[in-house]
Amino acid sequence: MNDYFQILSEVAPEFWTSPAMLAMVFVFGSIWGSFLNVCVYRIPRAISVVTPGSHCGSCASPVAWYDNLPILSWFILRGRCRKCHATFSFRYPLIEALTGAVFLLTWIYFGPSWLTLAYWLFLFGLLVGTFIDFEFYILPDRITLGGMVIGLVASVLVPALHEAGPDERLLALTRSAIGLGLGWGVLYLVRVMGELAFRKEAMGLGDVKLLGAIGAFIGWQGVLFTLIASFSSPNCSNSPILPSSCRFLSRSASIWRSVIEIVRPACGCGTTTLAIRSMWSSKNRGLSRR
């Protein structure tokens, strides 16, 4: 599989970073952002994301294809239904643009590769979970438990997710399973200890399962980084112990790969050392604040 993208990248390499290609990637991402809007609206309401087709929530009129163009249609229609003129939230073009930007940045960073496709899938799931959490304060199992399963499968198909070679798929799967177990286990332990200490729920199970999915995709080092970065956020006050919100976990996990790729060469260390250094520096910062 890796040979396929390697051949593509060697054929007219300047094409893959050309303005036309980058524009196509952004449009492709915004199209997925349109589907992401469907997921955010329908999954918490237990509605199929396949049928019925897009329609106005007020008058139930089907949305024509020319009124369903990502980003553009909202501005052309001034955020209103063509039939009944009911208003559509600005969230729709915002999510479409954000997804397009995320896909574009991933493409710029990794180029044409299976790793790009894997991270697109990973980030798509994080965005769905984040915006559902914003509105409903829940994390559906199809996002969290589904993310665990997909993360394990992706580690076998794309072993580079866990810094393993094409012939080291078992190693990648092992690292994925360790990340899943650590992500689930650490937050579950914190949840249980919080309930014993405060005699109330200290953290939702959705966050526990989400970190398990994150670990399945980016390994135990990524889990540590995610916890540290989430805990360090100045806005994390949902839990008496750790941030109990998908938005902080997602934001922290999404920057893990770029952090290790940028910082590791300067540190001259591997991801394990980097994770430990991050944890150590975080502890020192906490002591200095006291």
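Take any residue in the sequence shown, count from 1 to its spot, add 231: that is its number in the numbering used here. Quick reminder that beta carbons are idealized off the backbone N, C-alpha and C, glycines included.
Where the alpha helix (DSSP H) containing residue i begins and where it ends
i	result
N268	P250 to R273
T337	R322 to F341
V387	D372 to L388
S527	Nothing about residue 527 can be read from this structure; the chain reaches only from 232 to 521.
Buried/exposed call for residue i, threshold 16 Cβ in 10 Å
i	result
F367	exposed
G384	Here the sequence assigns Val to residue 384, which means Gly is not the residue at that position. Label assigned to V384: exposed.
C315	exposed
Y297	exposed
F456	buried
K440	buried
L413	buried
A460	buried
P250	exposed
L388	exposed
S475	Low confidence applies here, because S475 scores a pLDDT of 39, under 50, leaving its location unreliable; read the following figure in that light. When all chains shown are included, S475 counts as buried.
E327	buried
F306	exposed
I238	exposed
T282	exposed
V359	buried
V280	exposed
Cβ separation of residue i and residue j, assumed to be a contact under 8 Å, to the nearest whole Å
i	j	result
T330	G260	5 Å
G378	A447	7 Å
C312	C287	4 Å
Residue i, DSSP secondary structure in three states
i	result
T347	helix
R309	coil
H316	coil
P293	strand
S476	With a pLDDT of only 42 at S476, under the threshold of 50, the placement of this residue in the model should not be trusted; the figure read from the coordinates follows. Residue state, collapsed to three classes: coil.
S489	Caution applies to S489, whose pLDDT of 48 falls short of 50 and renders its modelled position unreliable; the model cannot decide the point.
Rounded separation between residue i and residue j - CA only
i	j	result
V421	L458	12 Å
D364	W247	35 Å
A428	L348	43 Å
S321	S289	It is Phe, not Ser, that sits at residue 321 in the sequence shown. The alpha-carbon atoms of F321 and S289 are separated by roughly 16 Å.
P471	G410	With a pLDDT of 39 at P471, under the threshold of 50, the predicted position of this residue should be treated as unreliable, and no value is reported.
F319	G310	5 Å
L436	V417	12 Å
G443	R373	13 Å
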